[in-house]
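Read the structure below first, then the notes.
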Amino acid sequence: MYFTDRGIEELADRRGEELVTLEWVSDQLRHFVDLNPEFETPVDRLASWLARLDDDELDDE
Numbered sequence: 039m040y041f042t043d044r045g046i047e048e049l050a051d052r053r054g055e056e057l058v059t060l061e062w063v064s065d066q067l068r069h070f071v072d073l074n075p076e077f078e079t080p081v082d083r084l085a086s087w088l089a090r091l092d093d094d095e096l097d098d099e
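Residues 39 to 99 (the working numbering) are what the sequence shown spells out, left to right.
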């Protein structure tokens, strides 16, 4: 496995027509953290930030 700075584009290219859902992404993140526990805090912070996006949008209205 390798990583690039084109992660999102590469994911879309590799998944093709398959629907990539939020549930799929969260499952992959959970699996990634299980394999790489040193990323647990950054992934938790990302999840918290994503969960709070709606609150920020409501505050802007």
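Each residue gets a CB set at the ideal place from its N, CA and C atoms; glycine is no exception.
Beta-carbon proximity list for residue i, same chain, < 6 Å, skipping 5 on both sides
i: Val81; result: Leu67 and Val71
The ligand MN heavy atom lying under 7 Å from the CB of residue i
i: Leu49; result: With respect to the ligand MN, the structure shown offers nothing to examine, as it has no ligands at all.
DSSP three-state assignment for residue i, whether helix, strand or coil
i: Val58; result: coil
i: Arg44; result: coil
Cut-off 8 Å between Cβ atoms - residues of its own chain near residue i, not counting five sequence neighbours on either side
i: Arg44; result: none
Where are the beta strand (DSSP E) runs, 3 residues long or more, that stay fully inside the segment 60-85, in chain order? Listed in chain order, there is nothing to give.
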